[in-house]
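Going by our numbering, the first residue of the sequence shown is number 15, and it counts up by one from there. Down below is the structure, laid out as structure tokens.
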Amino acid sequence: MPELPEVETVRDGLARHVTGRVVTGVEVLRDYSVRRHEGGPESFRGQLVGQRVGAAVRRGKYLWLLLSQEPAHASVRSPLPDGAAPAGDHVTALMAHLGMSGQLLVRSGTAAVDKVPHLRVRLELSALPGEPGTPRTLDFVDQRTFGHLSVTDLAPTPDDGPGGWGSALAEIPEPAAHIARDLLDPALRRDDLARAIRRRRTGIKRALLDQRLVSGVGNIYADEALWRAGLHYARPTDTLRLAEAHRVLDAAEEVMREALAQGGTSFDELYVNVNGQSGYFSRSLAVYGREGEACTRCGALVRRDEFMNRSSYTCPVCQKVPRNARW
15 MPELPEVETV
25 RDGLARHVTG
35 RVVTGVEVLR
45 DYSVRRHEGG
55 PESFRGQLVG
65 QRVGAAVRRG
75 KYLWLLLSQE
85 PAHASVRSPL
95 PDGAAPAGDH
105 VTALMAHLGM
115 SGQLLVRSGT
125 AAVDKVPHLR
135 VRLELSALPG
145 EPGTPRTLDF
155 VDQRTFGHLS
165 VTDLAPTPDD
175 GPGGWGSALA
185 EIPEPAAHIA
195 RDLLDPALRR
205 DDLARAIRRR
215 RTGIKRALLD
225 QRLVSGVGNI
235 YADEALWRAG
245 LHYARPTDTL
255 RLAEAHRVLD
265 AAEEVMREAL
275 AQGGTSFDEL
285 YVNVNGQSGY
295 FSRSLAVYGR
305 EGEACTRCGA
315 LVRRDEFMNR
325 SSYTCPVCQK
335 VPRNARW
């Protein structure tokens with residue numbers, strides 16, 4: 015499943031290629047892909063056509079495009095600066111969750127829908143002033159169909175800070191209001207998070223994966239962060255010293271920033287950016303997916319354990335199992 019670096023790579027592409035455009039048409043080719051939208055496909059179309067796309071925003075693994083109704087008499091304007099909210103009396107958002115295989119692909123022109131494998135939803139977008147070529151399309155492609163799109167109202171953020179990375183607007187889509195801030199969010203209070211982790215009575219990896227505590231960290235980057243921090247995934251959170259909690263958080267931020275610089279982690283063709291390109295961080299992974307290979311730090315063989323219907327990868331020397339492990 016795409017984690018924070020992969021979703022941020024997509025957000026950045028949308029901010030550069032979609033901002034400022036008006037939605038001129040919507041095709042829903044699979045109703046299930048808009049199952050979270052109240053009112054179904056017809057309402058989804060009706061709430062999108064005529065909307066101008068403002069900022070592309072992300073919190074953790076959640077992604078949304080701010081929308082504002084374009085007056086019928088208005089001319090097409092230039093893109094809004096990244097981080098700006100669109101003008102309008104009422105701002106809504108097109109929220110996307112990529113699931114396991116969702117892709118948001120920006121294309122020039124309009125390829126026939128039957129020529130795009132696994133195309134679920136297509137948005138037709140206006141051209142910008144002076145832009146060469148034809149208008150763009152934003153295609154939602156999803157092979158495994160776990161992802162979804164919806165148009166949703168916005169709610170004020172509980173802490174009055176920006177809703178997410180990409181906009182200063184202190185609002186967040188209502189379905190994502192329970193999602194915590196992530197480690198790349200400037201508004202995150204790191205000390206408060208470290209203390210909250212230590213108050214839990216669970217294993218440290220379970221805490222990292224709890225999107226209500228800290229968002230954006232998934233299975234891959236949790237394993238990589240814990241290896242860097244030298245802690246086993248079953249280390250009880252209430253036995254962590256404050257410095258150890260900070261060490262884990264610093265490692266998670268560090269590994270996600272490195273992944274982001276390489277476009278994210280791609281193991282197959284299911285994760286790509288808005289131009290259809292893969293990320294390369296999989297070549298830099300220290301433990302994840304490397305069962306039976308030598309640890310790059312000590313040479314011991316990486317092991318794999320079953321964990322929450324998934325897998326955890328650790329070095330048995332660098333990450334010793336704690337005596338009071340919480341699995």
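Glycine residues also receive a C-beta, built at the ideal position from the N, C-alpha and C atoms. A quick note: this is a predicted structure, and the numbers were derived from the prediction, not measured.
- Bounds of the beta strand (DSSP E) holding PHE321 are 317-321.
- Look at the region 20-60 and you find these whole runs of beta strand (DSSP E), each 3 residues long or longer: 37-42.
- Per the DSSP secondary-structure output, TRP78 pairs in a beta bridge with VAL71 and MET109.
- GLU17 sits close to VAL231, with the two beta carbons spaced by under 8 Å.
- With a 10 Å radius around the Cβ and a threshold of 16 neighbouring Cβ atoms, ASP153 comes out buried.
- Residue range 256-275 is occupied by the alpha helix (DSSP H) that includes ASP264, with no beta strand (DSSP E) assigned at that position.
- Taking all protein chains in view, the Cβ of PRO143 is surrounded by fewer than 16 other Cβ atoms within 10 Å, so the residue is classified as exposed.
- When C-alpha distances from LEU118 are compared across GLY306, PRO330, LEU28 and ILE211, the shortest belongs to LEU28.
- Contact annotation: ALA266 and ALA308 have beta-carbon atoms that are not nearer than 8 Å.
- The three-state secondary structure of LEU202, taken from DSSP, is coil.
- Sequence-distant partners of PRO187 (beyond 5 residues in either direction) whose C-beta falls short of 7 Å from its own C-beta, in its chain, are TRP78, ALA107, MET109, THR166 and LEU168.
- The three-state secondary structure of ARG209, taken from DSSP, is helix.
- Inter-residue distance for THR328 and GLU268 is about 18 Å (C-alpha atoms, whole angstroms).
- Within the same chain, Cβ atoms closer than 7 Å to the Cβ of ALA300 are found at GLU238, TRP241 and THR310, the five residues on either side in sequence being excluded.
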